[in-house]
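Q: In the numbering used here, the protein residues as written are 1093 to 1662.
Once you've had a glance at the structure underneath, I'll fire off some questions.
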């Protein structure tokens, strides 16, 4: 009955989208569930020409949240009258090509009109001219089609009023950046994926001393020499240089940025131990991401003086457990990512010194139950990721004292249904008030019996059983989880009969039942009348017309999210 072979579970990462597979995505304020299985370049793998509002994939944990443009919501309840302001903005947007200038309007009105033109994708280089000298404060044009140097004259005409500009994914060049020289009040500038900007362009932002946030993700042209332009940005708090392969040796220009709190140099595989030494001067640094670099234990030793450092991402670095001696010198460290570092049990006793950790990611390492013994004293842990580690049933005994644990990732481990008794028993000691909110058990060893052992975890809001062998009978236990907002059961063992139990989970916002080939249109009929708040549904049916017929019966889809269905051409 079940078809969750390793080969089949691999489709979680690379599902094809033939006519038999449907993905419906709605824009929602709900947060997504991220897994250690996520490909490291997930964010960048999205097609550059598509809006990041939608990401097609086989698992909810890769449902990418979007950047939401500020907009007026014209969706009204039945009988509700729109405000005069809403009507005016809507009318101006419809007739925008009739106006030569909007500069006589109050700035906040012009800003709302601009935001809604961007949101509705109706802003053009021609209509942009109407916003010249409107003293706009925020221009969010990230990944907006057609943005290039020709737009920069109007953008710069906002002058000292301009505070925030997002030009990510645009065709703006070094020449276009020269227009920003007079926007001295600018505090946030996003130039991610602007591959026509080089060191020469950086010279144009040298004088923007009020900048607090600057982002240049995925730029192959920025060099260590060009980074000298950053030395004058003395108010910079956040700097993002992710996937910039030419910046080795350039971090020395950051030494004087005493207010810098966040530095992202993930996926800069040019970064080595010598680049860590200049960072030792950044006493205000709270977040440092250097994953997938060439930094080793020696490089980490330079970070010992960063007493305010809260988050450190070392995923995929060439470090060993020896670096934990240096990390123990960081009193504020609470979030540590050591995924994919090829760690073994050797030296794992050093984890016991990291008593302030709240988030620990150890996924995709070769650690075993022996390592978990040394995590028993980390009683402040709220999130623990053991994805794809060689953790078995006996190892879970060591987690019983982690009473503040909220999120536990055990997918593709060797934990079976027996091991879950330790976890469930520990939570029963809390008088039924479980602290655990998110649990990932994407493993084929998990069966109905394992799900039964979890029924005391009534506080769960997110449950991932993607590859588990759950049958219709097992779904009876799901009725205990009244607070579930996200659920994945994709092991192939469900029929319409099992969905009858799922429909009682009235708080569900995200549901993934893909790869259950025995489901029919009856399932959609069952959930359409009860799961009123469902914003995200993934399934695999071949009867498209009937699929949509039942889908639009969902109250949420019929109201606020109807426009998103139209966007997808449904």
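All C-beta atoms in this analysis are idealised placements derived from N, C-alpha and C, irrespective of residue type, glycine included.
Small disclaimer: the values here were computed from a predicted structure and weren't measured.
(1) What do you reckon, are the CB atoms on residue 1572 and residue 1547 nearer than 8 angstroms?
(2) Exposed or buried, which one is residue 1471 when buried takes at least 16 other CB atoms within 10 Å?
(3) Can you tell me which of 1599, 1593, 1279 and 1596 puts its alpha carbon nearest to the alpha carbon of residue 1301?
(4) Return the CA-CA distance between residue 1575 and residue 1565, expressed in angstroms with no decimal places.
(5) Expressed to the nearest angstrom, what Euclidean distance is found between the alpha-carbon atoms of residue 1512 and residue 1419?
(6) Using only alpha-carbon positions, find the residue among 1447, 1343 and 1338 that is nearest to residue 1320.
(7) Tell me whether residue 1255 sits in a helix, a strand or coil according to DSSP, three-state version.
(8) Would you mind listing the beta strand (DSSP E) stretches within the region 1210 to 1259 that are 3+ residues and don't spill past its ends, in chain order?
(9) Measure the C-alpha to C-alpha separation of residue 1281 and residue 1256 and round it to an integer number of angstroms.
(10) What's the gap between the Cα of residue 1331 and the Cα of residue 1374?
(11) Report the three-state DSSP secondary structure of residue 1567 (helix, strand or coil).
(12) Rounded to whole angstroms, what is the Cα-Cα separation between residue 1408 and residue 1478?
(13) Whole angstroms are fine: how far does the CA of residue 1289 sit from the CA of residue 1324?
(14) Residue 1365 and residue 1391 look like a contact to me (Cβ under 8 angstroms); what is the Cβ gap, rounded to whole Å?
(15) Answer yes or no: do residue 1244 and residue 1211 have a C-beta to C-beta separation smaller than 8 angstroms?
(16) Taking the alpha-carbon positions, what's the residue 1346 to residue 1322 distance?
(17) Could you check if residue 1293 is buried or exposed, using at least 16 other CB atoms within 10 Å of its CB as the buried criterion?
(18) Here's the rule: buried if 16 or more other CB atoms are within 10 angstroms of the residue's CB, otherwise exposed. What is residue 1602?
(19) Using only the alpha-carbon positions, how far apart do residue 1588 and residue 1582 sit?
(20) DSSP has residue 1528 in a bridge; who is on the other side?
(21) Which residues does DSSP pair with residue 1547 in a beta bridge?
(22) Give me, in chain order, the residues of the same chain whose beta-carbon lies closer than 7 angstroms to that of residue 1504; leave out the 5 immediate sequence neighbours on both sides.
(23) Tell whether a beta-carbon distance below 8 angstroms holds between residue 1460 and residue 1427.
(24) In the structure shown, what three-state DSSP assignment does residue 1181 receive?
(25) Return the chain-ordered list of same chain residues with a C-beta closer than 7 angstroms to the C-beta of residue 1307, the five sequence neighbours on each side being excluded.
(26) For residue 1205, which residues of its own chain have a beta-carbon under 6 angstroms away from its beta-carbon, when the five flanking residues on both sides are left out?
(27) Would you say residue 1349 and residue 1380 are within 8 angstroms of each other, going by their C-beta atoms?
(28) Mind reading off the beta-carbon distance from residue 1410 to residue 1387? Whole number of angstroms is fine, and I expect it under 8 angstroms.
(29) To the nearest angstrom, how far is it from the Cα of residue 1372 to the Cα of residue 1389?
(30) Which residue from 1613, 1312 and 1405 puts its Cα closest to that of residue 1356?
(31) Count the other C-beta atoms from every protein chain shown that fall within 10 angstroms of the C-beta of residue 1429, then say buried if there are 16 or more, exposed otherwise.
(32) Contact check, residue 1475 vs residue 1450 under 8 angstroms by CB: the rounded distance?
(33) Hey, residue 1488 and residue 1465 are a contact pair by Cβ (cut 8 angstroms); roughly how many whole angstroms apart?
(34) What span of residues does the alpha helix (DSSP H) with residue 1593 cover, start to end?
(35) Let's test the definition: count the other Cβ atoms within 10 Å of the Cβ of residue 1173 and tell me whether it reaches 16, buried, or not, exposed.
A: Let me lay it out:
(1) yes
(2) exposed
(3) If we check each option's Cα against that of residue 1301, 1279 comes out closest.
(4) 20 angstroms
(5) Going by the C-alpha atoms only, they are around 32 angstroms apart.
(6) 1343
(7) coil
(8) 1230 to 1232 and 1256 to 1258
(9) 6 angstroms
(10) About 13 angstroms.
(11) Under the three-state reduction of DSSP, residue 1567 is assigned to helix.
(12) 15 angstroms
(13) 19 angstroms
(14) 3 angstroms
(15) no
(16) 7 angstroms
(17) buried
(18) buried
(19) 14 angstroms
(20) Answer is none; residue 1528 lacks a bridge partner.
(21) According to DSSP, which records beta bridges pairwise, residue 1547 is partnered with nothing at all.
(22) Correct list, in chain order: 1479, 1480, 1534 and 1535.
(23) No, Cβ-Cβ distance for residue 1460 and residue 1427 is not below 8 angstroms.
(24) Residue 1181 falls in the helix class under three-state DSSP.
(25) Exclusion of the five residues before and after residue 1307 leaves 1282, 1283, 1284 and 1332 as the residues of its chain whose Cβ lies within less than 7 angstroms of its Cβ.
(26) 1181 and 1184
(27) Taking 8 angstroms as the cut-off, the beta carbon of residue 1349 is found no closer than this to the beta carbon of residue 1380.
(28) 7 angstroms
(29) 15 angstroms
(30) 1405
(31) buried
(32) 7 angstroms
(33) About 12 angstroms; that fails the 8 angstroms criterion.
(34) 1588 to 1594
(35) So residue 1173 counts as exposed.
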